[in-house]
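Chains as they are written, first to last, in the working numbering: chain Y, -4 to 27; chain E, 38 to 209; chain S, 48 to 251.
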Amino acid sequence: FDELIVETATRRKQWPKKILVHAIQTMKAEQE
Amino acid sequence: SRAQVFATVVDTFLEKLVAAGSYQRFVNSYRCFYKLQPQLTRSIYDQFISQLQASIKEEIQEVKNEGNLEGLFSSLDKIVEEAKDREEPAWRPSGIPEDDVRSAMVPYLLKHRSHLRRVLREKEEQNRKVAESVLMGRDRIAELERLIQARQQAWQAINKEQRELIMTFQEP
Amino acid sequence: MSVDPMAYETQFFGFTPQTCMLRVYIAFQDYLFEMMLVVEGVMLKKLDGIPGCKVSPSQIRKCTEKFLLFMKEHFDRLFAKMEEVLLQLVLNIPKNVLLPEDRVHEQYPYSKEEFQALQDELQQLQQQCRAEVAAEQALRAELEEQKVVKAELEKILQCFDGLESICREHGAGNFKESFALLTQNSKKLQDVLKDIEKKSQKMK
C-alpha cells in the first residue's frame, strides 16, 4: 500500500511535466 | 519552523522516555543485581541511558539526511508561509489523472492559441494584400483586353474599308 | 477507520509520513531492545566473575523483561504522542496550501467543458490557418498566371504598336486617317477617271 501511495504521488508530481514535454513538442511541430 | 518543531518533539520524546525509565525504576527491576553491585548498577544504567539517547539521536540524524528533511522542512515552511493569506482549502489531486493533467496543459494551449491567432491574423492581412494585387491584375488584364479589342476593331474597320475600296477598283 | 494515505504529503516529501514514522519507531525499538540485551550481558558477565553468586541468569532475564515491559509501554505511548504531533505539525501539508507544481490548477481551473471548448477553438484556428495558407497558394498561383497573361496581352498590343509605327515610318502618320485620305483620294481619282472617260466619249 505504501509503495502504491509513493508511486502514485511520484507520478502526480512528475508525469504532468513529462506529458507536457510531448504536448509542447507536438504544438511546436504544428506551428512549424 | 518545522525543523525546530521536529527537533523539539524528538527531544521531548527522549526526555520523557528517560524520565519514565528512571534509575529508581531500573533499580526496582534489577533489585537482585543492585544489592550485589550498587555502583556498577549505577554506571550500567548511566551508560544504558546515554547510549540509548545517542543511538536515537543518531538514527534521527540519519533519517534527516536520508530524507533531506531539513531542506524539505524549510521549503515547506516557505510554501506554507506563502499560502498564509488563503483561507479556503486548496486544490488537491482528484484521483482522475486525465482530469488533473488538463490544467497542466492549459497554459501551453493558451499560448498555442495566441500563436495561432497571431499567425492567422498575419496570414489574413498578407492574403488581403495579395488578393488586392490579384484584383488589380485582373483589372489590368481586362483593360488590356479592352485595348486589344479596340485596336482589333479599328484594324477590322480599316480592313473592311480596304476591301470596299478594292471593290470600287474592280471592274463592275 | 479509514487510513489517510497522506498522498499529497507523499508527493512533497517523496515518502509517506507514516512510513517515515514507522522507520523511526522500528529503529528506536531495536535500539531499546539492543541496549537491554547489552545491559543484561554486562550484568551476567559481572555475576560470572563473582564466585558462589546466588543470582541466576534466569533471574536477571526476568528483571530485564520486567524493566523492558515497563519501558516498552512508555515508549509506545510516548512514540504514539510524538507521531501524532509530527504528523499534524511537521509532516503534513495544511489544507489551504498548494504545492508549487500544482499552482497551475489554481491559475487555470478549467472544467472538462472549458478545456474541450479550448481544444475546439484551437482546431478551428488550425483549420482557418490551413485555409488561409491554401488561399495564399491559390492567390499566388493566379498572380503567376496573370504575369504570363499580361505579358502575352502586352505582346499583342506591341504588335499593334509595331504596325502603327511601320505606317508612321512610311509617312502614313495615323494609319486610320491616312487610310481615310487614301480612300478619299481614290474616290477623287475615280471621279476624275469617270470625268475623263465621259469627255473622251463626247469627243468620239
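Ideal placement from N, C-alpha and C gives every residue a C-beta, glycine not left out.
Identify whether Leu200/S lies in helix, strand or coil by the three-state DSSP scheme.
Taking the third sequence and counting its residues from 1, one reaches residue 200/S at position 153. The answer is helix: DSSP assigns Leu200/S an H, G or I state.
Please report the Cβ distance between Ser66/E and Lys93/S, rounded to the nearest whole angstrom; I am assuming they are in contact, meaning their Cβ atoms lie under 8 Å.
Mapped onto the second sequence, residue 66/E falls at position 29. Mapped onto the third sequence, residue 93/S falls at position 46. Between Lys93/S and Ser66/E the Cβ distance is about 16 Å, and since that is not below 8 Å, they are no contact.
Using a Cβ-Cβ cut-off of 8 Å, state whether Met173/E counts as contacting chain Y.
By 1-based counting over the second sequence, the position of residue 173/E is 136. Chain Y, which has no Cβ nearer than 8 Å to the Cβ of Met173/E, makes this no.
To the nearest angstrom, report how far apart Ala44/E and Glu95/E are at their CA atoms.
To locate residue 44/E, count along the second sequence from 1; it is residue 7. To locate residue 95/E, count along the second sequence from 1; it is residue 58. Cα to Cα, the separation comes out at about 13 Å.
Look at Thr63/S and Val1/Y and say whether their C-beta atoms are less than 8 Å apart.
By one-based count along the third sequence, residue 63/S stands at place 16. By one-based count along the first sequence, residue 1/Y stands at place 6. It is a contact, given that the beta carbons lie within the stated cut-off.
If you drop the 5 nearest sequence neighbours on each side, which residues of the same chain put their C-beta closer than 6 Å to that of Glu192/S?
Here residue 192/S is taken as the residue at index 145 of the third sequence, counted from 1. Around Glu192/S: no qualifying Cβ.
Have a look at Met48/S and Tyr55/S and give me their C-alpha separation to the nearest angstrom.
Looking up residue 48/S in the third sequence gives position 1. Looking up residue 55/S in the third sequence gives position 8. Bear in mind that the predicted position of Met48/S carries a pLDDT of just 45, short of 50, making it too unreliable to give a figure here.
Would you mind telling me which residues of chain S sit closer than 7 Å to Ala4/Y, beta carbon to beta carbon, in chain order?
Here residue 4/Y refers to the residue found at position 9 when the first sequence is read from its first residue. Residues of chain S passing the Cβ test: Ala54, Thr57 and Gln58.
Which bits of chain E does Thr230/S rub up against, with CB to CB less than 7 Å?
In the third sequence, the residue the question calls residue 230/S occupies position 183. Per Cβ cutoff of 7 Å: Glu198 and Leu202.
For a cutoff of 8 Å on Cβ pairs, would you count Phe62/S as touching chain Y?
Here the question's residue 62/S lines up with position 15 in the third sequence. Answer yes: the Cβ-Cβ gap between Phe62/S and chain Y drops below 8 Å somewhere.
Quick one, are the C-beta atoms of Ser140/E and Leu190/S less than 8 Å apart?
Translated into the one-based positions of the second sequence, residue 140/E becomes position 103. Translated into the one-based positions of the third sequence, residue 190/S becomes position 143. Cβ atoms of Ser140/E and Leu190/S: not closer than 8 Å.
Going by beta-carbon coordinates alone, are Lys115/E and Glu107/E separated by less than 8 Å?
Counting from 1 along the second sequence, the entry for residue 115/E is found at position 78. Counting from 1 along the second sequence, the entry for residue 107/E is found at position 70. Their beta carbons are not under 8 Å apart, which means Lys115/E does not touch Glu107/E by this criterion.
Take Gln207/E as the anchor and find which of Gln237/S, Ala227/S, Glu224/S and Glu199/S has the nearest alpha-carbon.
Sequence index remark: in the second sequence, residue 207/E carries index 170 (1-based). Comparing Cα-Cα distances from Gln207/E to each of Gln237/S, Ala227/S, Glu224/S and Glu199/S, the minimum goes to Gln237/S.
Between the beta-carbon of Ile86/E and the beta-carbon of Val47/E, is there less than 8 Å?
Counted from its first residue, the second sequence places residue 86/E at position 49. Counted from its first residue, the second sequence places residue 47/E at position 10. No, the pair does not count as a contact, with Cβ atoms beyond the cut-off.
Going by other Cβ atoms of all chains shown within 10 Å of its Cβ, with 16 needed for buried, is Leu240/S buried or exposed?
For the purposes of this step, residue 240/S is taken as the residue at position 193 of the third sequence. Label assigned to Leu240/S: exposed.
With 16 as the cutoff for other CB atoms within 10 Å, does His152/S come out buried or exposed?
As a first step, residue 152/S is located in the third sequence; it is residue number 105 there, counting from the start. Buried is the call here.
Quick check on the DSSP output: what are the complete alpha helix (DSSP H) runs of length 4 or more inside the region 121 to 208 of chain E, in order along the chain?
The region 121 to 208 of chain E contains these whole alpha helix (DSSP H) runs: 134 to 206.
Identify, in the order they occur along the chain, each residue of the same chain with its Cβ nearer than 6 Å to the Cβ of Arg175/E, setting aside the five sequence neighbours on each side.
One-based indexing of the second sequence puts residue 175/E at position 138. Here the set comprises nothing.
Using a beta-carbon distance below 8 Å, is Leu15/Y in contact with chain E?
Here residue 15/Y corresponds to residue number 20 of the first sequence, with the count starting at 1. Closer than 8 Å to some Cβ of chain E, the Cβ of Leu15/Y qualifies, so yes.
Does the distance from the C-beta atom of Tyr72/S to that of Ile93/E stay below 8 Å?
By one-based count along the third sequence, residue 72/S stands at place 25. By one-based count along the second sequence, residue 93/E stands at place 56. It is not a contact, given that the beta carbons lie outside the stated cut-off.
For the region 101 to 115 of chain S and the region 63 to 78 of chain E, state whether three or more C-beta atom pairs, one from each stretch, are separated by less than 8 Å.
Touching, per the Cβ criterion.
Short of 7 Å Cβ to Cβ, which residues in the region 59 to 79 of chain E face chain S?
Within the region 59 to 79 of chain E, the residues whose Cβ lies closer than 7 Å to some Cβ of chain S are Arg62, Phe63, Ser66, Tyr67, Cys69, Phe70, Leu73, Gln74 and Leu77, listed in chain order.
Name the residue from Ile195/E, Gln190/E and Lys197/E whose alpha carbon lies nearest to the alpha carbon of Leu204/S.
Translated into positions along the third sequence, residue 204/S becomes position 157. For the residues Ile195/E, Gln190/E and Lys197/E, the minimum Cα distance to Leu204/S belongs to Gln190/E.
Mind checking if Ala141/E is an interface residue toward chain Y, Cβ cutoff 8 Å exclusive?
Reading the second sequence from its first residue, position 104 is the one you call residue 141/E. By this cut-off, Ala141/E is an interface position.
Tell me which same chain residues have a C-beta within less than 8 Å of the C-beta of Leu165/S, skipping the five on either side of it?
To locate residue 165/S, count along the third sequence from 1; it is residue 118. Around Leu165/S: Tyr157.
Under DSSP, the alpha helix (DSSP H) around Thr66/S begins and ends at which residues?
Sequence index remark: in the third sequence, residue 66/S carries index 19 (1-based). Residues Pro64 to Asp95.
Just to confirm before moving on: does the CB-CB distance between Val137/S and Phe110/E stay below 8 Å?
Taking the third sequence and counting its residues from 1, the one referred to as residue 137/S is at position 90. Taking the second sequence and counting its residues from 1, the one referred to as residue 110/E is at position 73. Cβ atoms of Val137/S and Phe110/E: closer than 8 Å.
Please confirm whether Pro126/E has its beta-carbon closer than 8 Å to some beta-carbon of chain Y.
Mapped onto the second sequence, residue 126/E falls at position 89. False, the Cβ-Cβ gap to chain Y never drops below 8 Å.
Using three-state DSSP, classify Val1/Y as helix, strand or coil.
Here residue 1/Y corresponds to residue number 6 of the first sequence, with the count starting at 1. DSSP places Val1/Y in helix when its eight states are reduced to three.
Would a C-beta distance cut-off of 8 Å place Cys176/S and Leu153/E closer than the cut-off?
Start at 1 with the first residue of the third sequence, and residue 176/S comes out as number 129. Start at 1 with the first residue of the second sequence, and residue 153/E comes out as number 116. Closer than 8 Å, so yes.
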